[in-house]
Amino acid sequence: MNRRTILHRLGMTIGALSLPSLSVASPNKNPFADPLADPADEAYWREFAHAHYDVNRDFINLENGYFGVQPRSVIAAYHENADYVNRNSSRFMRQRFYPGNFADSMDAIYEITGANPGELLLTRNATEALNILIQGMDLQKGDQVILQHHDYHSMIETYQMLEKTKGIELVYVDIPLIPENPEQVIQIYMNAITPRTKCILLTHLNHLTGLIIPVADISRKAREKGVAVIVDAAHSFAQVDYKMTDLDADFIAVNLHKWFSNPLGAGLLYIRKEKIPEIRPLYGDASHEPDDILKLGHFGTPAAPVVMTLKASADFNRMVTIPVKEKRLRYLQNYWTSQAAKIDRVEVVTPSDPEQSCAIASFKMDGMDSYDLVRLLDEDFGVFTVIRRLKDQVVVRVTPNLYNGTGDLDVFLDGIRNISSR
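Read left to right, the sequence shown gives residues -25 to -1, 1 to 397 (mature numbering (1 follows the signal peptide of the UniProt record, and there is no 0)).
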């Protein structure tokens, strides 16, 4: 069976948009949105995908961890916002963007995150937000920072830079790919704390394997020992259901271009209000008070259309509801991992425990180079995935999104079975 035949077998509305003196209407504001939607109802989700997404069906995209495909309502809002800013130019930016449109966007973000006023800073991505935190923290020579080899490489490199320039000490912990339970993860981090430990970096939902760790429990226990916790929530925000305060952490960074489905170019930094004075600005600033989070955001001219589209992204997430999204994404992951685990030579390296995983999962095939496996899935079956490098092995990461169905995953599973039998 060739790629064209496989794809042929799959067969698998724009919401209201508000702009200054501009609106785009839709005949059906919230088509097929149901807070009680069954995550296993393929007919429902197929209709949902057709209504809300416009994607290239010439291939099956199972690499939705890089960034999120924007739904129709969001991409329409983005196009309208870009056109509006371009037509009205600097007059709009100087007279109306601040505080009007910017404030409207931030109000939508505050509502969906549950953060308190003055605790959020809009950044360009989570990496920038994390650099502001990591480089702004008062770390001295000999101070210890706890992290793991599977944290995001850019953040590891930032700490490695401080290891060279400041003389801090990096302490790496080894978290099992599939922990026995969340308590095991908590104990590994707690056992690594010493009197010299100043900070722990926690990746809430791991970008390599999809492992979810108990951030709130670790944060509380670390705080009792006087240790700060920085949470990398780049992948967990809007993939799993929580508010910022639920993580009980002082410092959190997220991406808004992944599971929140905003266009590329927006991230978010959360700092508990009383902790803001502890972070020094990474970018030059002399005009804000020490407890004003805006002191950390001297970035220059913002990408206004991206910022203005945050409201449409928030509207889409409220319409779907994040609990429903989480259940559907976890269902899709369990659908393929439960079957893949039974295929000869295949090893899934992501926990099946729903408390420890959601959309993202990874696997490897004994005797098969993961690079070749990704290539064969793409070339022979039209399924796009991506390799991820772990500490001592290379795996294939698979990440479905709401526009994917079990039909997509069946083609993917057929591909794995075919390759495994070669």
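C-beta: ideal position from N, C-alpha, C; glycine also.
field: Among Gly342, Pro326, Lys339, nearest to Pro154 - alpha-carbon criterion
entry: Mapped onto the sequence shown, residue 154 falls at position 179. Of the listed residues, the one whose Cα sits closest to Pro154 is Pro326.
message: Does Gly272 come out as helix, strand or coil in the three-state DSSP assignment?
response: Position 297 of the sequence shown holds residue 272. DSSP places Gly272 in coil when its eight states are reduced to three.
- prompt: What residue ranges within the region 44 to 119 form continuous alpha helix (DSSP H) runs of no fewer than 4 residues, ordered along the chain?
  reply: 47 to 67, 77 to 88, 101 to 111
Coil, strand or helix - Met283 by DSSP: Position 308 of the sequence shown, counted from the start, is the residue given in the question as residue 283. It is helical.
task: Go through its chain and collect everything with a Cβ distance to Tyr19's Cβ below 8 Å, but skip five positions before and after it.
output: On the sequence shown, position 44 is the one that residue 19 refers to. Excluding positions up to five away in sequence, the list reads Phe7, Asp9, Ala12, Asp13.
- request: Give the DSSP-derived three-state secondary structure of Leu177 in the structure shown.
  value: The residue given as residue 177 occupies position 202 in the sequence shown. Of the three classes helix, strand and coil, the one that applies to Leu177 here is strand, per DSSP.
message: Classify Gln70: buried if its beta carbon has 16 or more other beta carbons within 10 angstroms, exposed otherwise.
response: By one-based count along the sequence shown, residue 70 stands at place 95. Classification of Gln70: exposed, given that the 10 Å Cβ count is below 16.
C-beta contact flag for Gly40 and Ala228 at 9 Å: Within the sequence shown, numbered from 1, the residue matching residue 40 stands at position 65. Within the sequence shown, numbered from 1, the residue matching residue 228 stands at position 253. Result no, Cβ atoms of Gly40 and Ala228 do not sit closer than 9 Å.
- request: Using the Cα positions of Thr374 and Thr360, report the straight-line distance between them to the nearest angstrom.
  value: Reading the sequence shown from its first residue, position 399 is the one you call residue 374. Reading the sequence shown from its first residue, position 385 is the one you call residue 360. Spanning the two alpha carbons is a distance of roughly 8 Å.
task: Measure how close the beta-carbons of Ser332 and Lys339 come, nearest whole angstrom, since I'm counting them as under 8 Å.
output: What you label residue 332 is simply residue 357 of the sequence shown in a count that begins at 1. What you label residue 339 is simply residue 364 of the sequence shown in a count that begins at 1. Contact flag wrong, Cβ pair sits at about 16 Å.
Residue interval of the alpha helix (DSSP H) (run including Asn230): Locating residue 230 in the sequence shown gives position 255, counting from the first residue. Element bounds for Asn230: not the alpha helix (DSSP H) but the beta strand (DSSP E), 226 to 230.
field: Any beta strand (DSSP E) of 3 or more consecutive residues that is wholly inside the region 136 to 172
entry: Within the region 136 to 172, complete beta strand (DSSP E) segments of at least 3 residues are found at 144 to 148, given in chain order.
query: Do Ser211 and Leu243 come within 9 Å of each other at the CB atom, strictly closer than that value?
result: As a position in the sequence shown, residue 243 is number 268, starting the count at 1. As a position in the sequence shown, residue 211 is number 236, starting the count at 1. No, the pair does not count as a contact, with Cβ atoms beyond the cut-off.
query: Among residues of its own chain, excluding the 5 on either side of Phe72, which ones have a beta-carbon nearer than 6 Å to its beta-carbon?
result: Position 97 of the sequence shown, counted from the start, is the residue given in the question as residue 72. These residues qualify, in order along the chain: Ala279.
query: Would you call the CB atoms of His125 and Ile150 closer than 9 Å?
result: One-based indexing of the sequence shown puts residue 125 at position 150. One-based indexing of the sequence shown puts residue 150 at position 175. For His125 and Ile150, yes; Cβs fall inside 9 Å.
query: Does DSSP put Thr374 in a helix, a strand or coil?
result: Within the sequence shown, the letter at position 399 stands for residue 374. The answer is strand: DSSP assigns Thr374 an E or B state.
field: Helix, strand or coil at Arg293 according to DSSP, with G and I counted as helix
entry: Residue 293 sits at position 318 when you count from the first residue of the sequence shown. The answer is helix: DSSP assigns Arg293 an H, G or I state.
Buried versus exposed, by CB contacts within 10 Å (16 or more), Pro238: Counted from its first residue, the sequence shown places residue 238 at position 263. Counting Cβ neighbours within 10 Å, Pro238 comes out buried, since at least 16 surround it.
- request: Tell me where the alpha helix (DSSP H) around Ser355 begins and ends.
  value: Taking the sequence shown and counting its residues from 1, the one referred to as residue 355 is at position 380. With the sequence shown as reference, residue 355 is identified as Asp, and Ser is not the correct amino acid for it. Unbroken alpha helix (DSSP H) run through Asp355: 345 to 356.
Asp207 - containing alpha helix (DSSP H), residue span: Taking the first residue of the sequence shown as 1, we reach residue 207 at position 232. Premise fails: Asp207 lies in the beta strand (DSSP E), 203 to 207, not in any alpha helix (DSSP H).
- request: Enumerate in chain order the residues of its own chain whose CB-to-CB distance from Leu271 is below 6 Å, with the five nearest sequence positions on each side excluded.
  value: To locate residue 271, count along the sequence shown from 1; it is residue 296. So the list reads Leu96, Ile107, Pro256, once near-sequence residues are dropped.
CA-to-CA distance, Gly43 to Ile391, given in whole angstroms: The residue you call residue 391 lines up with position 416 of the sequence shown. The residue you call residue 43 lines up with position 68 of the sequence shown. Between Ile391 and Gly43, the C-alpha separation is close to 25 Å.
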